[in-house]
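Protein chains: 2
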Amino acid sequence: MSNIPSNIPEKTIERLSEYRRTLLRCHKQGITHIFSHVLAGMHGITAVQVRRDLMLIGFSSDTKKGYDVKVLIDFISSILDSESPMNIGVIGMGHLGQAITKYFNSKDLKLKITAAFDIDQNKVGTMIDGIPVFHMDEFEERVSELGINIVVLSSPARVASELDVPIINAGIKGVLNFTSKPLNLPHGIVVENYDITTLLEKVAYFVKENEEKDI
Amino acid sequence: MSNIPSNIPEKTIERLSEYRRTLLRCHKQGITHIFSHVLAGMHGITAVQVRRDLMLIGFSSDTKKGYDVKVLIDFISSILDSESPMNIGVIGMGHLGQAITKYFNSKDLKLKITAAFDIDQNKVGTMIDGIPVFHMDEFEERVSELGINIVVLSSPARVASELDVPIINAGIKGVLNFTSKPLNLPHGIVVENYDITTLLEKVAYFVKENEEKDI
DNA sequence: TGGCGATTGTTTATTTTGTAACAATAGTAA
DNA sequence: TTACTATTGTTACAAAATAAACAATCGCCA
Chain W
1 MSNIPSNIPE KTIERLSEYR RTLLRCHKQG ITHIFSHVLA GMHGITAVQV RRDLMLIGFS
61 SDTKKGYDVK VLIDFISSIL DSESPMNIGV IGMGHLGQAI TKYFNSKDLK LKITAAFDID
121 QNKVGTMIDG IPVFHMDEFE ERVSELGINI VVLSSPARVA SELDVPIINA GIKGVLNFTS
181 KPLNLPHGIV VENYDITTLL EKVAYFVKEN EEKDI
Chain U
1001 MSNIPSNIPE KTIERLSEYR RTLLRCHKQG ITHIFSHVLA GMHGITAVQV RRDLMLIGFS
1061 SDTKKGYDVK VLIDFISSIL DSESPMNIGV IGMGHLGQAI TKYFNSKDLK LKITAAFDID
1121 QNKVGTMIDG IPVFHMDEFE ERVSELGINI VVLSSPARVA SELDVPIINA GIKGVLNFTS
1181 KPLNLPHGIV VENYDITTLL EKVAYFVKEN EEKDI
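Read top to bottom, the protein sequences are chains W and U.
Under my numbering, read the first sequence as residues 1 to 215, first letter to last.
Under my numbering, read the second sequence as residues 1001 to 1215, first letter to last.
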């Protein structure tokens, strides 16, 4: 068994996920081999970066006909995917929460959304896109029962500040936070913040910069 | 007029947006001054990073009572905000598109969502959360008419591949892409990709890594 | 008023990330 | 076969981002 490198850069992990997505699309189209510069072009990056990423995870093809799409997909999966299932809970079943569950249900992924949580009595007790919606009061209980280890925060920001404690108590290991409220969680918990306002303000800033450069 | 530094790191821009959000919240609560380490703590980063970010944009306070919240908000705004309005269009008015518009309408931001585009005849011609929904066929026309320079892509991935050309033709300057399909746009256009699957796979990967580290 | 502690602004080092250069070799075609 | 091209894997370099170390100075209190 080849030793899997353990210190893979964060950015490389992101790109591996993106590569795999693209490769799966190619695989569906019957493409069996792909050159590094073709894969790179599809992502707007250089071929060197693709090859370097693959080197970092210990993948090599030594043929000059391009990478075998299926083999590469499996290799990336062996890096990214966990053997034990990752169960995901969604907190906040508004538009954003529903967008995420709907999106995931349509895919065949190792990651599974197994429950949603909300405080709206009209939603609690129902199924949305095949996912049961529980009341936030049941959070810890259901997390434990369903083996949830990751949560997506898609609630309004004002609710988010009250979620630190239940998330810690329930033993959640990873959080994908779409609210604008920074969380206050211990280091052992993986947190990724993607506030949509920040993302847009960032785009707007660089658009502004580009325009000023042109003048 | 103090010269505004023009080469601010991308990560600093992100953090500035986050600082401002937090500062606005503090301002509402009547907090007038804030120490660098307090602001840092709210974001799970170090005080050094906060001070360095502020240094990079040329902000200094020289008092030791902490930063004046209101003054700092205005200073950050002078960096981030454009004088000419940034008008945003949303492509794809599914759950994600609606989540974004709803979210933005409730805030008082310089960025304004002024139109949405879709191909669903049930949505076209209606108003959703105060935003008019046009058919994608009208895209270029409406972009020009409404002065839209940024778009949010929240359509299904399979549609996204057909959007490169209209986006270029309409003269869009910035794209926030939530689809899994990488776009093929020239360098002059600012593109930020945030595929939700990738974000979740990243969190899942580092959760897995943490667990393996503990064993 | 004078010194102590706390906070800031700046410089310097370390780590991370991205880019470029180069050597090795599988495929190709005469 | 043999030279050539294209593609790969690796090493070395450059840039960006983060963290640490340090010097300067304001506020506080005796």
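A virtual CB, placed ideally from N, CA and C, is assigned to each residue, including glycine.
Going by C-alpha distance, which of the options is nearest residue i?
i, options, result
"G89/W", "V152/W, I8/W, K107/W", "V152/W"
"K1173/U", "V203/W, R158/W, K65/W, P182/W", "V203/W"
"L24/W", "S82/W, D108/W, K64/W, D120/W", "D108/W"
"V1190/U", "F178/W, L200/W, F206/W", "F206/W"
"Y19/W", "T1197/U, R1015/U, E1211/U, E1209/U", "T1197/U"
"K1011/U", "N210/W, E212/W, N193/W", "N193/W"
"E209/W", "I1168/U, E1212/U, A1115/U, L1080/U", "L1080/U"
"K28/W", "F35/W, M127/W, I73/W", "I73/W"
"G1092/U", "R1158/U, H1187/U, P1085/U, S1006/U", "R1158/U"
"S1006/U", "G1066/U, L1056/U, S1082/U, I1100/U", "L1056/U"
"F1075/U", "S1061/U, S1084/U, N1087/U", "S1061/U"
"S1078/U", "M1136/U, S1017/U, H1043/U", "S1017/U"
"H43/W", "E140/W, N87/W, E14/W, H187/W", "E14/W"
"M1127/U", "G1171/U, K1102/U, K1110/U", "K1102/U"
"T1218/U", "H1037/U, L1054/U, D1053/U", "With chain U running from 1001 to 1215 in the structure shown, residue 1218/U is simply not present."
"A1170/U", "D1118/U, L1199/U, M1136/U, L1200/U", "M1136/U"
"K1110/U", "L1199/U, L1200/U, S1084/U", "S1084/U"
"D53/W", "P9/W, D129/W, H187/W", "P9/W"
"K1123/U", "Q1098/U, S1106/U, S1144/U", "Q1098/U"
"L1200/U", "P156/W, L199/W, N87/W", "N87/W"
Can you give me the Cβ contacts of residue i inside the same chain, cut-off strictly under 6 angstroms, excluding the 5 residues immediately before and after it?
i, result
"D195/W", "S180"
"L1176/U", "V1152, E1192"
"F104/W", "I113"
"I1168/U", "none"
"E1212/U", "none"
"G125/W", "none"
"G188/W", "none"
For the beta strand (DSSP E) that residue i lies in, which residues bound it at each end?
i, result
"T114/W", "111 to 118"
"F35/W", "Run containing F35/W: none; DSSP gives neither H nor E here."
"G1097/U", "Where G1097/U is concerned, there is no enclosing beta strand (DSSP E), although the alpha helix (DSSP H) it sits in stretches over 1095 to 1105."
Can you give me the Cβ contacts of residue i inside the same chain, cut-off strictly under 7 angstroms, excluding the 5 residues immediately before and after it?
i, result
"D164/W", "L183, N184, L185"
"G1094/U", "S1154"
"L1039/U", "Y1019, T1022, V1050"
"A115/W", "G89, I131, P132, F134, R142, L146, I148"
"L1096/U", "S1154, F1178"
"S161/W", "K181"
"P166/W", "F139, E140"
"I1100/U", "V1090, V1152, S1154"
"D1214/U", "none"
Where do the N-terminal and C-terminal ends of the alpha helix (DSSP H) with residue i fall, by residue?
i, result
"V1069/U", "1069 to 1080"
"I1196/U", "1196 to 1214"
"N1169/U", "1164 to 1169"
"Q1049/U", "1047 to 1056"
"L24/W", "10 to 28"
Per DSSP, which residues does residue i bridge with? Please list them.
i, result
"H135/W", "D118/W"
"G89/W", "A115/W, V151/W"
"N193/W", "N177/W"
"D128/W", "The residue asked about is misnamed: residue 128/W is Ile in this sequence, not Asp. Bridge partners of I128/W: I131/W."
For residue i, I'd like the list of residues in its chain whose CB is within less than 8 angstroms of its CB, leaving aside the five on either flank, ordered along the chain.
i, result
"V69/W", "L23, C26, H27, I31, T32, H33, I34"
"S2/W", "Interpretation of S2/W is limited by its pLDDT of 39, a score under 50 that renders its predicted location unreliable; no figure is taken from the coordinates."
"F947/U", "Residue 947/U lies beyond the stretch modelled for chain U, which goes from 1001 to 1215, so this question has no answer here."
"D1129/U", "Q1098, T1101, K1102, N1105"
query: Using Cβ-Cβ distances below 7 angstroms, what residues of the stretch 1037 to 1058 of chain U are close to chain W?
result: M1042, H1043, G1044
task: Could you run through the stretch 157 to 173 of chain W and flag, in chain order, every residue whose CB is less than 7 angstroms away from some CB of chain U?
output: K173
message: For the stretch 1198 to 1215 of chain U, list every residue whose C-beta sits within 9 angstroms of some C-beta in chain W, in sequence order.
response: T1198, L1199, L1200, E1201, K1202, V1203, A1204, Y1205, F1206, V1207, K1208, E1209, N1210, E1211, E1212, K1213, D1214
- prompt: Using Cβ-Cβ distances below 9 angstroms, what residues of the stretch 1084 to 1099 of chain U are close to chain W?
  reply: S1084, M1086, I1088, G1094, H1095, L1096, G1097, Q1098, A1099
- request: Residues of the stretch 177 to 191 of chain W with a CB closer than 7 angstroms to any CB of chain U: list them in chain order, please.
  value: S180, P182, G188, V190
task: Mind checking the stretch 1123 to 1149 of chain U against chain W and listing, in chain order, the residues whose C-beta falls within less than 9 angstroms of any C-beta there?
output: N1149
Interface residues of the stretch 1071 to 1082 of chain U facing chain W [CB-CB below 7 angstroms]: L1080, S1082
- request: Scan the stretch 1017 to 1038 of chain U for residues whose Cβ lies nearer than 9 angstroms to a Cβ of chain W and list them as they occur along the chain.
  value: S1017, E1018, R1020, R1021, T1022, R1025
query: According to a CB-to-CB cut-off of less than 9 angstroms, which residues of the stretch 1108 to 1122 of chain U neighbour chain W?
result: L1109, K1110, L1111
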